[in-house]
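Residue numbers (my numbering): 38 to 243.
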């Protein structure tokens, strides 16, 4: 069976690098993919933060008391997320600064750096590094630069998450509640079960 498993692995989309240059090239690509991933995580954290502010505003006006009101409330929340996901990172940062969330100097600096680095990475990086790409030492430099980008995006993401913790807690969105809902999703729970857990965890009517 082990031999069959190896054959199955060899036949799928994963391929083995043929030489040192191929290994280095794959490593650079991997770090580039990770940098893009963490940049998108930061974007999503900003979208979440903007959504939290809107949810807080809606609930100050009127908390949903019936199933119909909850359904309308959930539809509003979905629209908020969908709308914000249409914006670029620069637009999201402008909206974040206008949202009323207090942005400490450290976070402001991280967000400004992230915007500059992300835009350079997406639009210019591989063109700038075209010659470095051809040499082993240059590929090593690129890998180090891409790892630094990952660290920057992660730090900005985590710092913003900490800044908005008070808003989440006020809405009942604690880490325990998020973990509970996440575990239900992993267990392939039904939509009704997940909706019920969300309603109970976050104090909404159902």
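From the three backbone atoms N, C-alpha and C, an ideal C-beta is built for every residue, glycine too.
Check	Outcome
Under a three-way DSSP split, which group does residue 134 fall into?	helix
Using 9 Å as the threshold, is the C-beta distance between residue 177 and residue 61 below it?	yes
Measuring only the C-alpha atoms, how far is residue 127 from residue 224?	37 Å
Just to confirm, are residue 69 and residue 190 a CB contact at a threshold of 9 Å?	no
Three Cβ pairs or more, each shorter than 8 Å: is that satisfied between the region 202-209 and the region 88-100?	yes
What did DSSP end up calling residue 124 once you bin it into helix, strand or coil?	coil
On the criterion of 16 or more Cβ atoms from any shown chain inside 10 Å, does residue 157 qualify as buried, or is it exposed?	exposed
Cα separation between residue 123 and residue 72?	21 Å
Indicate the three-state DSSP secondary structure (helix, strand or coil) for residue 60 in the structure shown.	helix
In chain order, what residues of the same chain have a beta carbon less than 7 Å from the beta carbon of residue 80, not counting five sequence neighbours either side?	126 and 129
Assign residue 222 to buried or exposed, taking buried as 16 or more other Cβ atoms, counted over all protein chains shown, within 10 Å of its Cβ.	exposed
Just the C-alpha distance for residue 153 and residue 138, rounded to the nearest angstrom, thanks.	22 Å
What is the C-beta distance between residue 179 and residue 65, in whole angstroms, given that I count them as a contact (C-beta under 8 Å)?	5 Å
Which ranges does the alpha helix (DSSP H) cover as unbroken runs of at least 4 residues, wholly within the region 139-222, from first to last along the chain?	142-160, 162-165, 173-200 and 202-207
Comparing alpha-carbon positions, which option in 58, 183, 212 and 113 lies nearest residue 171?	58
Is it buried or exposed, residue 196, if we count other Cβ atoms within 10 angstroms and call 16 or more buried?	buried
Please report the distance separating the alpha-carbon of residue 226 from that of residue 99.	30 Å
What do you get for residue 146, buried or exposed, if any count of 16 or more other CB atoms within 10 angstroms of its CB means buried?	exposed
What's the C-alpha gap between residue 67 and residue 96?	43 Å
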